[in-house]
Amino acid sequence: DAKTTQPNSMESNEEEPVHLPCNHSTISGTDYIHWYRQLPSQGPEYVIHGLTSNVNNRMASLAIAEDRKSSTLILHRATLRDAAVYYCILGVKTSYDKVIFGPGTSLSVIP
Amino acid sequence: EPEVTQTPSHQVTQMGQEVILRCVPISNHLYFYWYRQILGQKVEFLVSFYNNEISEKSEIFDDQFSVERPDGSNFTLKIRSTKLEDSAMYFCASSRGGSPFQPQHFGDGTRLSIL
Numbered sequence: 001d002a003k004t005t006q007p008n009s010m011e012s013n014e015e016e017p018v019h020l021p022c023n024h025s026t027i028s029g030t031d032y033i034h035w036y037r038q039l040p041s042q043g044p045e046y047v048i049h050g051l052t053s054n055v056n057n058r059m060a061s062l063a064i065a066e067d068r069k070s071s072t073l074i075l076h077r078a079t080l081r082d083a084a085v086y087y088c089i090l091g092v093k094t095s096y097d098k099v100i101f102g103p104g105t106s107l108s109v110i111p
Numbered sequence: 112e113p114e115v116t117q118t119p120s121h122q123v124t125q126m127g128q129e130v131i132l133r134c135v136p137i138s139n140h141l142y143f144y145w146y147r148q149i150l151g152q153k154v155e156f157l158v159s160f161y162n163n164e165i166s167e168k169s170e171i172f173d174d175q176f177s178v179e180r181p182d183g184s185n186f187t188l189k190i191r192s193t194k195l196e197d198s199a200m201y202f203c204a205s206s207r208g209g210s211p212f213q214p215q216h217f218g219d220g221t222r223l224s225i226l
């Protein structure tokens with residue numbers, strides 16, 4: 001399975017931007033980059049995905065490196081509700097049926 | 112916004128009993144999934160289901176487990192002869208398509224406690 005590497009934990013101050021990094025050096029040309037998050041006591045929640053270009057939606061922005069070996073999820077203004085575990089996942093064509101969750105990054109937001 | 116709903120939110124069952132976990136996926140979605148998360152561990156894939164049959168399953172999904180879509184709206188996970196180690200959160204998910212760029216939408220899970 002294609003592998004991603006994320007920091008175990010990060011902290012952010014409320015109302016500050018947060019940049020969550022992800023390395024995926026073995027990514028192949030057809031692999032999509034997905035981000036999910038899991039708030040405490042809830043199921044995983046889709047955040048954003050992209051292939052090559054940077055992407056924006058109402059929740060976040062996704063910045064993808066030119067060589068696609070890394071990406072960054074950007075939360076523009078962290079709120080307390082953004083405290084969650086964030087998962088960077090590759091949508092691999094050979095395993096399109098399942099989302100393979102790693103340990104993710106546990107984001108703490110400090111008031 | 113449409114969402115995946117799961118019932119019950121918490122199920123307590125004696126070891127050895129059968130349990131059925133229920134899910135109502137988003138109505139226009141075609142792919143359905145079950146995942147589980149043991150307390151303090153990562154989310155693990157169990158099974159995917161499309162066109163009324165299993166399309167992929169993990170090593171965890173052995174003969175003890177089965178899935179069914181009994182009607183046009185429900186998707187169920189049955190666990191026969193439950194064991195203590197089956198205690199976990201079970202999440203149902205659905206997606207419009209099965210390709211790598213289709214996001215999955217998850218329910219809030221059923222907490223299964225085996226006594």
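The listed protein sequences derive, respectively, from chains A and D. Heads up: the first sequence begins at 1 in the working numbering, then just goes up one per residue. Heads up: the second sequence begins at 112 in the working numbering, then just goes up one per residue. Backbone N, C-alpha and C define an ideal beta-carbon position, used for all residues, glycine too.
Asked	Found
Could one say the Cβ of D:D174 lies closer than 8 Å to chain A's Cβ atoms, at least one of them?	no
According to DSSP, simplified to helix, strand and coil, what is A:R37?	strand
Within 10 angstroms of its Cβ, does A:A196 collect 16 or more other Cβ (buried), or is it exposed?	Examination of residue 196 of chain A is not possible in this model, given that chain A is present from 1 through 111 alone.
Excluding sequence positions up to five away, which residues of its chain have a Cβ less than 6 Å from the Cβ of D:R207?	H140 and Q213
Looking at chain A, is there any beta carbon in it that lies within less than 8 Å of the beta carbon of D:K153?	yes
With 16 as the cutoff for other CB atoms within 10 Å, does D:I149 come out buried or exposed?	exposed
Where do the N-terminal and C-terminal ends of the beta strand (DSSP E) with D:I171 fall, by residue?	No beta strand (DSSP E) holds D:I171; DSSP gives it neither H nor E.
Using only alpha-carbon positions, find the residue among A:T4, A:M10 and A:G43 that is nearest to A:S108.	A:M10
Tell me the DSSP bridge mates of D:K189?	D:I131 and D:S177
Suppose the cutoff is 8 Å on Cβ atoms and the five residues either side in sequence are ignored; what does the same chain contact list for D:V115 look like?	C134, V135, P136, I137, C203, A204, S205, H216, F217 and G218
Nearest CA to the CA of D:F143: which residue from D:G127, D:E170, D:Q125 and D:N185?	D:N185
From the DSSP secondary-structure annotation, give me the bridge partner or partners of A:E11.	A:S108
Quick check: is the beta carbon of D:S120 nearer than 8 Å to any beta carbon in chain A?	no
By DSSP's criteria, D:R147 is part of a beta bridge. Which residues make up the other side?	D:E155 and D:Y201
Spell out the partners DSSP gives A:P21 in its beta bridges.	A:T72
Starting from D:S166, find everything on chain A with Cβ-Cβ shorter than 9 Å and list it in chain order.	D97
Where do the N-terminal and C-terminal ends of the beta strand (DSSP E) with D:Q122 fall, by residue?	H121 to T124
I'd like to know whether the C-beta atoms of A:C22 and A:S61 end up nearer to each other than 8 Å.	no
Which whole-angstrom value is the C-beta distance of A:T4 and A:H24, which I expect to be below 8 Å?	5 Å
Tell me the DSSP secondary structure of A:E45 in three-state form.	strand
Within the same chain, show all residues whose beta-carbon is closer than 7 Å to that of A:G104, passing over the 5 residues directly before and after it, in chain order.	Q6, V85, Y86 and Y87
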